[in-house]
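Colleague: Can you read through this structure? Questions will come right after.
Chains as they are written, first to last, in our numbering: chain W, 29 to 184; chain F, 16 to 303.
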């Protein structure tokens with residue numbers, strides 16, 4: 029319980045420890061603490077920013093999707109229109125072709141009929157002449173009565 | 016562990032005597048063999064045990080914190096760093112709450128004080144006989160009589176240690192008072208309050224007492240608490256070695272007192288720190 033130079037030694041030791049603490053312990057740790065606080069604040073801000081960006085991105089994606097949808101439906105309706113056009117054209121073409129074929133067939137039939145008629149007429153004329161010969165029992169000069177025969181033939 | 020060859024009084028005396036190195040009037044530079052010799056050495060003596068434990072624990076504190084400080088990272092802290100940061104945050108909060116001025120020394124000072132005093136107080140929880148006994152046995156290897164080898168392991172039960180720290184704080188208070196207020200301002204604070212200049216003698220007495228009571232109360236509070244705590248541990252230790260009932264009773268008492276003492280040692284370290292901060296804050300205040 030005696031007061032002696034232990035007291036002064038302790039004062040010196042105290043001063044030394046405080047100085048060392050102030051010099052080598054306190055600054056690095058508080059610096060780390062401050063840096064971490066700054067880092068965390070930064071991280072929080074970044075998270076906030078990220079969230080905002082995400083929302084923006086989402087909005088953008090939705091817009092793009094909507095646009096794509098309208099584009100797609102445009103394309104589909106265009107395709108429909110084009111299809112109808114092509115169908116119409118094909119129909120028109122087919123009809124024209126059919127008309128043409130029908131006309132050709134008609135013409136051919138007409139021609140055939142005419143030819144047959146002509147042939148028939150010739151045969152008729154010959155028959156008529158032959159019949160007349162028979163009736164008159166004499167030779168009829170075909171050349172002399174050609175006009176009559178032809179008039180006759182035409183009446184058939 | 017009261018030895019048969021020792022009376023209770025001798026046992027207590029043994030526990031309360033420091034390992035003292037000093038100039039004995041007749042024997043010159045020597046280590047005191049008993050309390051009377053230590054007292055005879057007067058002022059020019061050194062309590063080797065108090066000082067060694069105090070400096071050793073201070074160094075332990077410094078090494079632990081320095082190691083963390085060296086590897087301090089702003090990223091994810093390790094367990095040690097977490098612990099150190101927790102203490103530093105705690106100290107920092109107290110400094111910010113009580114100290115309004117701007118001085119970079121106050122926070123490290125408070126940290127050193129808190130951690131160091133806590134460690135010194137913590138030695139009180141080591142069983143009272145363990146280290147003195149081990150030290151006595153160790154010294155007897157060199158031919159010393161264990162009964163005359165002293166070892167006090169709790170530096171804060173030595174008034175030299177508590178007064179040393181309180182005086183260091185007091186010197187800082189004086190220094191910053193003069194630095195912040197000027198010499199005239201400091202003298203004025205001592206003489207012109209609270210009664211104005213016509214009550215100067217009364218002012219000097221009142222302010223002087225309030226000034227001087229700062230280091231005195233600071234050191235005596237810590238010393239008194241720790242000394243009393245230590246004394247109770249010693250008295251409990253006296254119960255051992257007689258019969259089973261006293262042994263068991265002593266064990267229970269020691270455990271109870273140790274658990275209660277955990278609160279006291281922390282609280283005393285905390286109070287010492289907070290009062291230091293408050294005194295330094297008052298020294299920095301330029302308006303009364």
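C-beta atoms are modelled at their ideal positions from N, C-alpha and C, and glycine is treated no differently.
Computed from a prediction, not measured in an experiment: that's the story for all the values here.
If you measure beta-carbon to beta-carbon, which residues of the segment 154-175 of chain F are closer than 9 Å to chain W?
Modeller: Here the close residues are 170, 173, 174 and 175.
Colleague: Measuring straight from C-alpha to C-alpha, what distance separates residue 219 of chain F and residue 298 of chain F?
Modeller: Within the second chain, the letter at position 204 stands for residue 219 of chain F. Within the second chain, the letter at position 283 stands for residue 298 of chain F. Straight-line Cα distance between these residues: approximately 17 Å.
Colleague: Compare the beta carbon distance of residue 33 of chain W and residue 59 of chain F with 8 Å and say whether it is the shorter of the two.
Modeller: Numbered from 1 along the first chain, position 5 holds the residue referred to as residue 33 of chain W. Numbered from 1 along the second chain, position 44 holds the residue referred to as residue 59 of chain F. Yes, they are a contact pair.
Colleague: Closer than 8 Å, CB to CB, is residue 97 of chain W near chain F or not?
Modeller: Here residue 97 of chain W is taken as the residue at index 69 of the first chain, counted from 1. Residue 97 of chain W does not count as touching chain F.
Colleague: Could you tell me which of F:25, F:26, F:93 and F:31 sits nearest to residue 171 of chain F, measuring between CA atoms?
Modeller: The residue labelled residue 171 of chain F in the question sits at position 156 within the second chain. Comparing Cα-Cα distances from residue 171 of chain F to each of F:25, F:26, F:93 and F:31, the minimum goes to F:31.
Colleague: Would a C-beta distance cut-off of 8 Å place residue 147 of chain F and residue 135 of chain F closer than the cut-off?
Modeller: The count along the second chain starts at 1 and reaches residue 147 of chain F at position 132. The count along the second chain starts at 1 and reaches residue 135 of chain F at position 120. Not a contact, by the Cβ cut-off of 8 Å.
Colleague: Out of curiosity, what's the CA-to-CA distance linking residue 17 of chain F and residue 144 of chain F?
Modeller: Mapped onto the second chain, residue 17 of chain F falls at position 2. Mapped onto the second chain, residue 144 of chain F falls at position 129. Since pLDDT at residue 17 of chain F reaches only 41, below the 50 mark, its modelled position is unreliable, and the value read off the structure follows with that caveat. Spanning the two alpha carbons is a distance of roughly 9 Å.
Colleague: Taking three-plus beta-carbon pairs below 8 Å as touching, is the segment 149-159 of chain F in contact with the segment 190-204 of chain F?
Modeller: Too few Cβ pairs lie closer than 8 Å, so no.
Colleague: Using the three-state DSSP reduction, which class does residue 87 of chain F fall into: helix, strand or coil?
Modeller: Here residue 87 of chain F corresponds to residue number 72 of the second chain, with the count starting at 1. It is coil, neither helix nor strand.
Colleague: Contact defined as beta carbons within less than 8 Å: I believe residue 133 of chain F pairs with residue 284 of chain F. What is the distance between those atoms, to the nearest angstrom?
Modeller: As a position in the second chain, residue 133 of chain F is number 118, starting the count at 1. As a position in the second chain, residue 284 of chain F is number 269, starting the count at 1. Confirmed, about 4 Å.
Colleague: If you count every other CB in all the chains shown that lies within 10 Å of the CB of residue 185 of chain F, and 16 or more means buried, which is it?
Modeller: Sequence index remark: in the second chain, residue 185 of chain F carries index 170 (1-based). Looking at its Cβ environment, which holds 16 or more other Cβ atoms inside 10 Å, residue 185 of chain F is buried.
Colleague: Taking 8 Å as the threshold, find out whether the segment 221-238 of chain F comes into contact with the segment 110-124 of chain F through three or more Cβ pairs.
Modeller: Verdict: no, contact absent.
Colleague: Determine contact between the segment 254-261 of chain F and the segment 203-218 of chain F, defined as no fewer than three beta-carbon pairs at a distance below 8 Å.
Modeller: The segment 254-261 of chain F is not in contact with the segment 203-218 of chain F.
Colleague: Under 8 Å: do the segment 67-81 of chain W and the segment 157-165 of chain F share three or more Cβ pairs, one atom per stretch?
Modeller: The segment 67-81 of chain W is not in contact with the segment 157-165 of chain F.
Colleague: Would you say residue 31 of chain W and residue 175 of chain F are within 8 Å of each other, going by their C-beta atoms?
Modeller: For the purposes of this step, residue 31 of chain W is identified with residue 3 of the first chain, where counting begins at 1. For the purposes of this step, residue 175 of chain F is identified with residue 160 of the second chain, where counting begins at 1. Cβ distance < 8 Å, so residue 31 of chain W and residue 175 of chain F count as in contact.
Colleague: Determine which residues share a DSSP beta bridge with residue 46 of chain F and list them.
Modeller: In the second chain, the residue the question calls residue 46 of chain F occupies position 31. F:36.
Colleague: In this structure, how does DSSP classify residue 159 of chain F when only helix, strand and coil are distinguished?
Modeller: Numbered from its first residue, the second chain carries residue 159 of chain F at position 144. It is coil, neither helix nor strand.
Colleague: Sorry if obvious, but does the Cβ on residue 100 of chain F come closer than 7 Å to a heavy atom of the ligand MN?
Modeller: Because no ligand of any kind appears in the structure shown, any question about the ligand MN cannot be addressed here.
Colleague: Who are the near neighbours of residue 177 of chain F in its chain, counting only those whose CB is closer than 7 Å to its CB and skipping five residues on each side?
Modeller: On the second chain, position 162 is the one that residue 177 of chain F refers to. Once the five neighbours on either side are set aside, the close Cβ partners of residue 177 of chain F are 171, 234, 237 and 238.
Colleague: If you draw a straight line from the alpha carbon of residue 64 of chain W to that of residue 89 of chain F, how long is it in whole angstroms?
Modeller: As a working note, residue 64 of chain W is residue 36 in the first chain. As a working note, residue 89 of chain F is residue 74 in the second chain. Each residue's Cα considered, the two are about 5 Å apart.
Colleague: In the DSSP assignment, the alpha helix (DSSP H) including residue 207 of chain F goes from what residue to what residue?
Modeller: The sequence position of residue 207 of chain F within the second chain is 192, counting from 1. Per DSSP, residue 207 of chain F belongs to no alpha helix (DSSP H) and is neither H nor E.
Colleague: State the CB to CB distance for the pair residue 29 of chain F and residue 55 of chain F, rounded to an integer number of angstroms; the pair is presumed to be in contact (CB under 8 Å).
Modeller: Taking the second chain and counting its residues from 1, the one referred to as residue 29 of chain F is at position 14. Taking the second chain and counting its residues from 1, the one referred to as residue 55 of chain F is at position 40. Rounded, the Cβ-Cβ distance is 18 Å, inconsistent with contact.
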